[in-house]
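Only one structure is covered here, and it is reproduced in the block below.
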Amino acid sequence: MNKYQQLWKSLENQEYRRAFTNDIGTGLAFQIRLLREQNEWSQEELAQKITKRQETISQWENPDYGRYTLNTLKELATAFDVALIVKFAPFSELVDWTGTLTPQRLAPPSFDKERRAVTMQPLLAQARSTVEPELAETVAKTTYKMPLLPPSSHAGILYNEDVATRGAGKRKELEFAHAA
Numbered sequence: 748m749n750k751y752q753q754l755w756k757s758l759e760n761q762e763y764r765r766a767f768t769n770d771i772g773t774g775l776a777f778q779i780r781l782l783r784e785q786n787e788w789s790q791e792e793l794a795q796k797i798t799k800r801q802e803t804i805s806q807w808e809n810p811d812y813g814r815y816t817l818n819t820l821k822e823l824a825t826a827f828d829v830a831l832i833v834k835f836a837p838f839s840e841l842v843d844w845t846g847t848l849t850p851q852r853l854a855p856p857s858f859d860k861e862r863r864a865v866t867m868q869p870l871l872a873q874a875r876s877t878v879e880p881e882l883a884e885t886v887a888k889t890t891y892k893m894p895l896l897p898p899s900s901h902a903g904i905l906y907n908e909d910v911a912t913r914g915a916g917k918r919k920e921l922e923f924a925h926a927a
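Last residue of the sequence shown: number 927 in my numbering, and the count goes up by one each step with no gaps.
In structure tokens:
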């Protein structure tokens, strides 16, 4: 039985579903911390941006806290310049979200960083259309290291900080990966 099947089996229990749903606060605490760190802000700096105390930020980053208000989440979304989605959803959506969590999904890029990445998409598509098919296939599987992109997934491209040293002469090569 894979992890999704195990989770669905566990969700048959109403008490488990309640606990699973109530655990959203844990994820929010990690998101707040990751977004703050992605912006290279201290707790004090984030507190100043939203006119709160550093102790409040510390409390919000505590996975055991879990008492966020909608206004708090809106203030944080504004400070981080990211969208906020609050909605009721089927458990299948929650299972899918949980099963595909990555630091990049937990800490989305700000609007400006995302906009810069989106403007690169047509340029990359044009470059792919002007090369030989074999090279285009390699390009499609390539992880591009570009200063405009933050360390997360944008416009079908994964940013990879790692540059491997391989072969004689210690030639540097990019690690290859493609965002499907």
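Just so you know, even glycine gets a beta-carbon here, dropped at the ideal spot from N, CA and C.
*Does the Cβ of R780 have 16 or more other Cβ atoms within 10 Å, making it buried, or fewer, making it exposed?*
buried
*Pick out whichever of W844, R764, W807, K796 has its Cα sitting closest to the Cα of F827.*
K796
*What is the C-beta distance between Q806 and Y815, in whole angstroms, given that I count them as a contact (C-beta under 8 Å)?*
With 8 Å as the limit, Q806 and Y815 do not qualify as a contact, their Cβ atoms being about 10 Å apart.
_With the cut-off set at 7 Å, would you say Q778 and L831 are in Cβ contact?_
no
*For Y763, which residues of its own chain have a beta-carbon under 7 Å away from its beta-carbon, when the five flanking residues on both sides are left out?*
S757
*Do the CB positions of P855 and V829 come within less than 7 Å of each other?*
yes
_Just to confirm, is the Cβ distance from Q785 to A794 under 7 Å?_
no
*Chain-order list of residues whose beta-carbon lies under 7 Å from that of E791 (same chain, five-residue window excluded)*: Q801
_Option nearest E787 by Cα separation, candidates R862, S857, T866_ = S857
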